[in-house]
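Down below is the structure, laid out as structure tokens.
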Amino acid sequence: MLRVCFCLLLSAWMLAAPVAAQVPAPLNATLDGFAYPYPVQYLPLTLEGQRVRMAYMNVPATTAPNGRTVVLLHGKNFFGAYWRETIRILTARGFRVVVPDQVGFGKSDKPALHYSFHQLALNTHRLLDTLGIKQAVVVGHSMGGMLATRFALQYPQQTAQLVLENPIGLEDYRLGVPFQPIAEVEATERKSTEASIRKYHATYYPHGYPSAHDEWLLPLAAQTRHPDFPRVARANALTFAMIYQQPVCYEFGLLQVPTLLIIGQDDRTVVGKGLIKDPAVLARMGQYPALGQRTAAVIKGSRLIALPGVGHIPHLEATEAFHRELLAFLQ
Numbered sequence: 001m002l003r004v005c006f007c008l009l010l011s012a013w014m015l016a017a018p019v020a021a022q023v024p025a026p027l028n029a030t031l032d033g034f035a036y037p038y039p040v041q042y043l044p045l046t047l048e049g050q051r052v053r054m055a056y057m058n059v060p061a062t063t064a065p066n067g068r069t070v071v072l073l074h075g076k077n078f079f080g081a082y083w084r085e086t087i088r089i090l091t092a093r094g095f096r097v098v099v100p101d102q103v104g105f106g107k108s109d110k111p112a113l114h115y116s117f118h119q120l121a122l123n124t125h126r127l128l129d130t131l132g133i134k135q136a137v138v139v140g141h142s143m144g145g146m147l148a149t150r151f152a153l154q155y156p157q158q159t160a161q162l163v164l165e166n167p168i169g170l171e172d173y174r175l176g177v178p179f180q181p182i183a184e185v186e187a188t189e190r191k192s193t194e195a196s197i198r199k200y201h202a203t204y205y206p207h208g209y210p211s212a213h214d215e216w217l218l219p220l221a222a223q224t225r226h227p228d229f230p231r232v233a234r235a236n237a238l239t240f241a242m243i244y245q246q247p248v249c250y251e252f253g254l255l256q257v258p259t260l261l262i263i264g265q266d267d268r269t270v271v272g273k274g275l276i277k278d279p280a281v282l283a284r285m286g287q288y289p290a291l292g293q294r295t296a297a298v299i300k301g302s303r304l305i306a307l308p309g310v311g312h313i314p315h316l317e318a319t320e321a322f323h324r325e326l327l328a329f330l331q
């Protein structure tokens, strides 16, 4: 009887255990053992003489196909799986959805090479060609917005429409963020812990961090406890340099595709924000309401949707509003 009571108490405790008790075991550089919401496939590539694999999800429509494809591009501190609900919504409306993990992120390999938005765009172009996709709607969040912009500039004929969700790179970070050599960035990345990652991710939600976000944070934290983490830290540093050194904000006026900007108005993200010591510089950067308006003004025929009270990740924080505006633009 005592044994039964103990088991019942243990089961109740496990059900009531906080998210922290569900932290996954250490995960390697390619998140092996972490399940994505849809099957993952791999595109082999050779970059700078290195053979690497680019992971992606290729999800068919779950209703009558409408013949259209949407490509979802993730942000820097994320991976393709966080688009789960967007994939579900789009496929239920007849869209085919392709979600790559860019090389250097998620389940893709983490080679030490010169990362560039041009190369990532070419990799994505090769993926679409391999899948027989001649034209797609390209949706980019955060860093994915910079990549989506570069993709639309390089491959306008393959870009049916462009959607930028709180993209970084609406301003030139070199004009306010002090330069750091890659070795220094890498040294900082190597010190990452669950606590430091959690502190940074909390800035995405100015009105309170939702516990549901742990689903996308904990896999990154689990990587810090794996022997592979130095490789992840190196890739993180190299991609930070890519963002810092390769602005796209001067080329928005060259876009020739229908473009939608969805901007959470309470976002104040600045890549390298912690390096800024001058309060005046800090105050003028990351002002997404003004940045969104300025960007929309230079992209011919673009449409701006401002989401009041929303931070950096509308598709997670304001899911219904984000998908309503996305679908209206697509349809």
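Counting with the working numbering, you get residues 1 to 331 for the letters of the sequence shown.
By construction, the Cβ of each residue, glycine as well, lies at the ideal position given by its N, Cα and C atoms.
These numbers come from a predicted model, not from an experiment.
Membership of Gly292 in the alpha helix (DSSP H) is indicated by the continuous run Tyr288 to Val298. Around the Cβ of Ser211, a 10 Å sphere holds fewer than 16 other Cβ atoms; the residue is exposed. Take Phe229, set aside five residues on each side of it, and the residues of its chain with a beta-carbon closer than 6 Å to its own are Gln223, in chain order. The three-state reading of DSSP puts Met146 in helix, counting H, G and I together.
Apart from sequence neighbours up to five positions away, the residues of its chain that approach Ala241 with a beta-carbon distance below 6 Å are Ile182, ordered along the chain. Sequence-distant partners of Ala61 (beyond 5 residues in either direction) whose C-beta falls short of 7 Å from its own C-beta, in its chain, are Thr91, Gly94, Phe95 and Arg96.
Along the stretch 247 to 292, the beta strand (DSSP E) occurs as fully enclosed runs of 3 or more residues at 259 to 264, listed in sequence order. Under the DSSP assignment, Val70 falls in the beta strand (DSSP E) whose first and last residues are Thr69 to Leu73. Taking a contact to require three or more Cβ pairs closer than 8 Å, the stretch 244 to 261 and the stretch 159 to 174 qualify as touching.
For Ile305, the enclosing beta strand (DSSP E) covers residues Arg303 to Leu307. In the same chain as Asp32, and ignoring 5 residues on each side of it, no C-beta atom comes closer than 7 Å to its own. Secondary structure of Gln245 (DSSP, three-state): helix.
Between the beta-carbon of Gly292 and that of Ala306 there is about 7 Å, and that keeps the pair under the 8 Å contact cut.
In this structure, the beta-carbon distance from Phe34 to Leu43 does not fall below 8 Å. Two segments are said to touch when three or more pairs of C-beta atoms, one from each, lie closer than 8 Å; by this definition the stretch 40 to 60 touches the stretch 105 to 115. Nearest neighbour of Ala136 by Cα position, chosen from Phe151, Met146 and Gly144, turns out to be Phe151. Taking Glu189 as the centre and dropping the five residues before and after it, the same chain places the C-beta of Ala233, Asn236 and Ala237 closer than 7 Å to its C-beta, in chain order. With a contact defined as Cβ atoms closer than 8 Å, Ile243 and Val271 qualify at about 5 Å. Contiguous beta strand (DSSP E) elements confined to the stretch 116 to 177 occur at 136 to 141 and 159 to 165, taking only those with 3 or more residues.
Under the DSSP definition of a beta bridge, Leu43 partners with Met54. For a cut-off of 8 Å, the C-beta gap from Asp101 to Phe79 is around 5 Å, short enough to register as a contact.
The beta carbon of His125 sits closer than 6 Å to those of Tyr155, all from its chain and outside the five residues before and after it, given in chain order. Excluding sequence positions up to five before and after Tyr205, its CB lies within less than 6 Å of the CB of Gly311, all in the same chain and listed in chain order.
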